[in-house]
Amino acid sequence: MNTIKSLIILSIVLFAGNVSAQQISSVDLQVTGLTCSMCSQATDESLRTLDFIETIEPDLNKNIFVLTFKKDKAVDFDQIKTKVEDAGFSVGNLDAVFNFNNTKVDDKGLAVAGTNVYQFLNAKDKTLNGPVKATLVDKDFMSGSAFKKKAAQVSLESLKSGSGMVNGKMTRIYHLSI
Amino acid sequence: MRFLKFLLVPVAVAMGTIAVQAQELYVFSEPASNMAAKSIGFRLTNEGVFSPSFSSRLIPELMVGFNKNFMLHGQGFFSDMDGKYKAEGAGLYAKYRFLSIDEVKSHFRAAAFARVGTSNRPTYSEDINLEGDNTGLQAGLVFTQLLHKLALSSTLSYSKAFDNIGDKTITGMPEPDHMLGYSLSSGYLLLPFVYKNYNQPNLNLYFEVLGKTNPENGRSYVDFAPAVQVIINSRTRVDLGYRFEVTGNLENRYNKNMYMARVEFNFFNALK
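Top line first, the protein sequences correspond to chains B and S. Counting in our numbering, the first sequence runs from 1 upward without gaps. Counting in our numbering, the second sequence runs from 1001 upward without gaps.
Encoded structure:
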């Protein structure tokens, strides 16, 4: 009886640990229009106000910020974008390294991982495990002209609006290209 | 001839080898880009002329970025241009960015701005300077284009003068009414060649062309305004510039052949 109890507790702990474990290990964030270190500094300090960011490592020559995240906090890509725009600039590119753990991508390319819903543009009907590097191809996560091209290539309603029906609920969907 | 060569060679080498980076923190004009949202900046500007005798003006200025598109400056004007150092007036400047087209290595931004200034100085020129010399209003548009390594900005404005506080118009002197203004600015990042961290100082060079025309009679001037700028710790900015008249027929201009020295401190995320 005690053994069963212990097993139940252990599985709860493991399951809970699984849920809260950080799924996104790092992000390479490219910011456009930075012309001086003061602009980079303003962006850096704006990003630092986000409570889920652990470290920011700037590459001032390439205008790329490498972000890592706190283990117990959910990463909000939209907030990252808002903070860059608050500093007066735009996101040019966002590459993220996801740590998938048995994440199922359905026949339409849709996957739920942690609190986020992802639509894969070039993966379906498979199970993802381990680190996967993907590029976010949503509006305002790349230059306006690049997004227009992408939206014309991919005929997905959710890419244009940024959201779609998931389990009967209107949900924010991030679009990923592996 | 040999002396000329000595001068030209380093310039040519510099032009050829330095990967010139664009810079748009203009000294004599404002870019269409805004300061960061929720940040506060403080500026102290000293400007002055050496002729007919040395006189200078001190302008403390508080700048607030309310959101990514809207910012406001408040200024105070103090000078010894009428004898002793005294307060002349105050000014407000607001800028709203209404267009941003951002690509990876280029951007185009457009902003509208408005300025109101007061002054208790006597007027003796048809020129209008709302930063200390005149009471009036100004409105205009700024367009800034960053194209790889060149940042160009252009400003168009209209200024309307009202009677200065105390209405000390000097009889027989030209009276200010309205003015059209324009400017073309360019900026380059000279140092560092390669960034290592935020603490490295940046050295920037600017060249601006500033002009004004009285639409009533066509009298006008064009100034060239070179400037150098150092950015320390990525948050403190020091500017040193000089504007000189290249051509013009406006009498008794206030800011003819004027130097400008400025220090600016920035506090990011200062507002909640």
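Ideal placement from N, C-alpha and C gives every residue a C-beta, glycine not left out.
Counted as a single uninterrupted DSSP element, the beta strand (DSSP E) harbouring Ile64 of chain B occupies residues 64-69.
Below the 7 Å Cβ cutoff, chain S contributes Lys1068 as neighbours of Glu85 of chain B, in chain order. Among the residues of chain B, those whose CB is under 8 Å from the CB of Gln1023 of chain S are Thr35, Cys36, following chain order. With 16 or more other CB atoms across the displayed protein chains lying within 10 angstroms of its CB, Leu47 of chain B is buried. Setting aside the 5 residues that flank it on each side, Tyr1026 of chain S is surrounded in the same chain by Ser1153, Ser1185, Gly1187, Tyr1206, Glu1208, each with a C-beta closer than 7 Å to its C-beta; the list follows chain order. Between Gly1117 of chain S and Gly1140 of chain S a beta carbon distance of about 14 Å is seen, past the 8 Å cut, so the two are scored as non-contacting.
Secondary-structure assignment with DSSP links Ala1090 of chain S through a beta bridge to S:Gly1076. Phe1028 of chain S is outside the set of residues whose beta carbon lies under 8 Å from a beta carbon in chain B. The shortest CA-to-CA distance from Ile1170 of chain S to any of S:Glu1103, S:Pro1122, S:Leu1147, S:Asn1199 is the one to S:Pro1122.
Residues of chain S with a Cβ closer than 7 Å to the Cβ of Thr32 of chain B are, in chain order, Asp1102, Glu1103, Val1104, His1107. Nearest to Lys1038 of chain S by C-alpha distance, out of S:Val1049, S:Phe1066, S:Ser1106, S:Glu1047, is S:Phe1066.
No Cβ of chain S is located within less than 8 Å of the beta carbon of Ala74 of chain B.
The closest CA to that of Lys108 of chain B, considering only B:Asn129, B:Asp86, B:Glu157, B:Lys133, is found on B:Glu157.
Residues of the region 1224-1258 of chain S with a Cβ closer than 8 Å to any Cβ of chain B, in chain order: Ile1231, Ser1234, Arg1235, Arg1237.
Taking Phe1244 of chain S as the centre and dropping the five residues before and after it, the same chain places the C-beta of Asp1223, Phe1224, Asn1257 closer than 7 Å to its C-beta, in chain order. Shown here, Phe98 of chain B sits in a strand according to DSSP, grouped into three states.
Cβ contact annotation for Gly92 of chain B (same chain, cutoff 8 Å, sequence separation greater than five): Gln30, Val31, Thr32, Asn63, Met142, Ser143, in chain order. Across the region 1193-1220 of chain S, CB contacts with chain B closer than 8 Å involve Val1194, Tyr1195, Lys1196, Asn1197, Tyr1198, Gln1200, Asn1202, Asn1204, in sequence order along the chain. Any Cβ of chain B closer than 8 Å to the Cβ of Leu1146 of chain S would place that residue at the interface, and such an atom is present. Between Asn1202 of chain S and Val1246 of chain S, the C-beta gap is not smaller than 8 Å, which leaves the two residues out of contact. Within the DSSP bridge table, the entry for Tyr1221 of chain S names S:Lys1212, S:Gly1248 as partners.
Interface flag for Ala42 of chain B against chain S is set, since a Cβ pair is found closer than 8 Å.
One Cα belongs to Ala87 of chain B, the other to Asn1069 of chain S, and the distance between them is close to 10 Å.
The Cβ atoms of Pro1060 of chain S and Gly1076 of chain S sit closer than 8 Å to each other.
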